[in-house]
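Data block below; observations after.
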Amino acid sequence: GEVGIQNVDAKLEYMNPTGSFKDRGTAVMMSVAKELGVTEVVEDSSGNAGASVSAYAGRAGIIAHVFAPANAPEAKLQQIKVYGAQTHSIEGPREATTQAAIDYYQQRGLVYASHNLSPYFLEGTKTFAYELAASPAGVPDHVIIPVGNGALFIGAWKGFQELLAAGRIDKTPKMHAIQADGVMPVAAAFAGKRWTLEDSRPTIAGGISVATPPRKQQVLDILSASRGQSIAVDDTSIVWWQKAMASKEGIYCEPTSAAAFAGLQILAEHGHISREDRALVAVTGFGLKDAPPA
Ligand SMILES: Cc1ncc(COP(=O)(O)O)c(C=O)c1O
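When we follow this note's numbering, the leftmost residue of the sequence shown carries the number 11, and every step to the right adds one.
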C-alpha cells in the first residue's frame, strides 16, 4: 500500500538462530573450519556476524576472538559475549576494528575467519536463493537487500545462477542494493559519482556502514548483470520505515534492515518496480539487536 506495489514480500532473515542472515554464511564457514581442524579464529564485525561466529564457534568447540566497534549496539556486544567468544572492543571507525583484527591474527598466527573475505561464507548465503526457488510463490521479479560488503547480495545471486544453470528456475530477479547515504561506496559508484572514505558520515544503519567493501566490484557486476539499481537512503526514512513495519506489519527489524524498505519506496517512486511486479525485501536483522527507534 505505502509504495503503490501490489506484491511485496518480506523474507524474515531475522528468524535465523542468532537473529540475522549471517547464520547462513557462518554455518558453512565454521563447519569448514572445524573440518580442517582449526581450533581458534579471529573475526571482525559490526555486531551481527560476530554474534553468529561466536555462536557457531561455541557449538563447534572453536575459540573465537571477535573484534567489534566500541560503539556497536550494546545488545549485539552482549550477544557476542553470551555465546562465549572473547570480545575485543575497538574505538574509532569500523575500519579500525578490521585493522585491529588483522594485526591480532597476524601476530598470533591465527586463522582469520572474516565473513567479508571467506568464500565459504557465500556458499552459505546462497541458500537464500534456494529457499525462494523452493517456496510456493517462487522467485520474485525484484530482490531488495541492504548492502555493506554484499555477502547476502553476492551469495543470493550465486544461488540464482546455480538454479538457472540447473534448470530449476527460468529467470533470475533484478537485484537491488540499498545503502545509507552516509556510507555509500556502492550506490555512488553505481551512479558514476566519486566517493571516498573521507565522505563518510555516521548512520544508524551500522550493519551497512562499510566504507571500503572488498567485494565492491562484485556487487557492481551483479547490479549490471541483473539489471538492478543501487539506492542510497537517509536515516530519517530508515527510522520511518522501521517504525512503520513494526506498527503496521508486526515486523520489527533493525535500522540496517529498514533501509531496504526505504530503498523499495524510492525504487517504486522512480518506476524501477512497476505495480504488478513481485518484489521481495530481505529483512536481515531483528529489531531487539539495536537501540529502539527514537
Ligand atoms: C542486519 C544486517 N543487514 C545487512 C548487513 C549487510 O551485510 P553485508 O555486509 O554482507 O552486505 C549486515 C552486516 O553487518 C547486517 O548486520
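Where is the CB? At the ideal position from N, CA and C, for every residue including glycine.
Less than 9 Å separating the beta-carbons of VAL76 and MET39?
The count along the sequence shown starts at 1 and reaches residue 76 at position 66. The count along the sequence shown starts at 1 and reaches residue 39 at position 29. Against a cut-off of 9 Å, the Cβ pair of MET39 and VAL76 comes out as no contact.
Which residues does DSSP pair with ASP54 in a beta bridge?
Working through the sequence shown from its first residue, we reach residue 54 at position 44. DSSP lists PHE77 as partners of ASP54.
Compute the minimum distance between the beta carbon of PHE271 and the heavy atoms of ligand 1, and state whether it is under 8 Å.
Walking along the sequence shown from the start, residue 271 turns up at place 261. Result no, Cβ not under 8 Å from ligand 1.
Whole-number beta carbon distance between ILE218 and TRP167, since they are thought to touch under 8 Å:
Numbered from its first residue, the sequence shown carries residue 167 at position 157. Numbered from its first residue, the sequence shown carries residue 218 at position 208. For TRP167 against ILE218, the beta-carbon gap comes to about 17 Å, at or over 8 Å, which does not count as contact.
Taking a contact to mean a Cβ-Cβ separation below 9 Å, would you say GLN239 touches LEU277 in this structure?
Stepping through the sequence shown from its first residue, residue 239 is reached at position 229. Stepping through the sequence shown from its first residue, residue 277 is reached at position 267. Cβ atoms of GLN239 and LEU277: closer than 9 Å.
Which residues in the same chain have their Cβ closer than 8 Å to the Cβ of GLY68, if we skip the five residues on either side of it in sequence?
Numbered from its first residue, the sequence shown carries residue 68 at position 58. By the criterion of a C-beta distance shorter than 8 Å, GLY68 is surrounded in its chain by ALA74, TYR93, GLY94 and ALA95, once the five residues flanking it on both sides are discounted.
Can you name, in chain order, every residue of its own chain whose Cβ lies under 6 Å from the Cβ of ALA111, other than the five neighbours on each side?
For the purposes of this step, residue 111 is taken as the residue at position 101 of the sequence shown. So the list reads VAL52, ASP54 and PHE77, once near-sequence residues are dropped.
Give a single yes or no on whether LYS32 has its beta carbon closer than 8 Å to a heavy atom of ligand 1.
As a position in the sequence shown, residue 32 is number 22, starting the count at 1. LYS32 Cβ: within cutoff of ligand 1.
Residues in the same chain with beta-carbon distance under 7 Å from GLU101, minus the five sequence neighbours each way, listed in chain order, please.
Position 91 of the sequence shown, counted from the start, is the residue given in the question as residue 101. Listed in chain order, the non-local C-beta contacts of GLU101 below 7 Å within the same chain comprise ALA80, local neighbours out to five positions each way being set aside.
Among ASP151, ALA292, LEU274 and PRO302, nearest to ALA242 - alpha-carbon criterion
Residue 242 sits at position 232 when you count from the first residue of the sequence shown. The shortest C-alpha separation from ALA242 is found at LEU274.
In whole angstroms, what is the alpha-carbon distance linking ASP19 and ASP113?
Here residue 19 is taken as the residue at index 9 of the sequence shown, counted from 1. Here residue 113 is taken as the residue at index 103 of the sequence shown, counted from 1. If you take the alpha carbons of ASP19 and ASP113, they lie about 42 Å apart.
Determine the DSSP secondary structure at GLN89, reduced to helix, strand or coil.
For the purposes of this step, residue 89 is identified with residue 79 of the sequence shown, where counting begins at 1. GLN89: helix per DSSP, three-state reduction.
Quick check on the DSSP output: what are the complete alpha helix (DSSP H) runs of length 4 or more inside the segment 176-250, in order along the chain?
If we require 4 residues or more, the alpha helix (DSSP H) runs fully inside the segment 176-250 come out as 195-200 and 226-236.
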